[in-house]
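Colleague: Sharing a structure below in structure tokens format, with a few things to ask.
Residue numbers (my numbering): 831 to 1104.
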């Protein structure tokens, strides 16, 4: 048995299939872990979701911001961006089933025997493991509730929940959790999440901003953190306890798979379309 962690697929289904063939992935034997953003930008969002849904117990997914945005578009809370190439998915007869499956995916995943935690954007440095589990569970439960559109999706884009404090209300905590686990890149010196700067750490000119993974975090003192979301990083982080897997396949770069047991990264270049 092998554990394979894959970076942001974002509809790059053909590249995913090529990558999995390189390692002879077998769902009856192996486990596939996806850091989120299964959909959007690439042309194959529909087959990507169908593939992960049919993997059943061999698939382990943490939701990304594009996955949540798809739910909002499906619920007519947001309009689809033509650049996301979601038409075939939204028009599919299977869309309701696929959205239902997505709603049952968590914001983070754990592999306890290897002390690994996976989330789309990372883990706030100030959170300990108990806080991560509790706040992630709040969002999972809200997504699975019958009134998830009114009580979560319509509120999800509310601003003002970018700094963690225990006096937050329940909704504020949910929004902060979504922002932190699916959108986080840089933090201000006072701990606030920043959503404006999306360049690589080397290109960031604001002295008040620090990449979340460059700060001393509580969770990564004991666990390895696997994340995606930040293509500009291109998998380059200094800590051996941090695995960055978004390498911009949908932007013309490549898709990255991390083989846990061998501590080896395997890549697949973006395929040229005729």
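Glycine residues also receive a C-beta, built at the ideal position from the N, C-alpha and C atoms.
Closest to residue 1017 by CA distance: which of 1001, 1034, 931 is it?
Modeller: Out of 1001, 1034, 931, 1034 has the C-alpha closest to the C-alpha of residue 1017.
Colleague: Give a yes or no on whether the minimum CB-CB distance between residue 1038 and chain C is below 9 Å.
Modeller: Of the chains in the structure shown, none is chain C; there is only one protein chain.
Colleague: For residue 953 and residue 850, I'd like the C-alpha separation in whole angstroms.
Modeller: Rounded to whole angstroms, residue 953 to residue 850 spans 27 Å at the Cα level.
Colleague: Is DSSP giving residue 834 helix, strand or coil here?
Modeller: It is a strand residue.
Colleague: Under 9 Å, do residue 869 and residue 983 count as touching if we go by C-beta distance?
Modeller: Contact: no.
Colleague: What did DSSP end up calling residue 1035 once you bin it into helix, strand or coil?
Modeller: Residue 1035 falls in the coil class under three-state DSSP.
Colleague: Just reading off the alpha helix (DSSP H) that residue 939 is part of, what are its end residues?
Modeller: Element bounds for residue 939: not the alpha helix (DSSP H) but the beta strand (DSSP E), 938–941.
Colleague: Per DSSP, what kind of secondary structure is residue 839 in: helix, strand or coil?
Modeller: Coil.
Colleague: In the DSSP output, what is residue 790 paired with across the bridge?
Modeller: Lying before the first or after the last residue shown, residue 790 is absent from the chain, which here runs from 831 to 1104.
Colleague: Rounded C-beta distance between residue 1065 and residue 1040? I'm assuming under 8 Å.
Modeller: Their Cβ separation, rounded to whole angstroms, is 19 Å, which puts residue 1065 and residue 1040 out of contact at 8 Å.
Colleague: Look at the alpha carbon of residue 1094 and the alpha carbon of residue 959, and state the distance between them as a whole number of angstroms.
Modeller: Going by the C-alpha atoms only, they are around 26 Å apart.
Colleague: Spatial neighbours of residue 948 within its chain, please: CB distance less than 8 Å, with the 5 preceding and 5 following residues excluded, ordered by chain position.
Modeller: Excluding residues within five positions, the ones whose Cβ falls inside 8 Å are 835, 863, 865, 890, 892, 938, 939, 940, 941, 1055, 1056, 1057.
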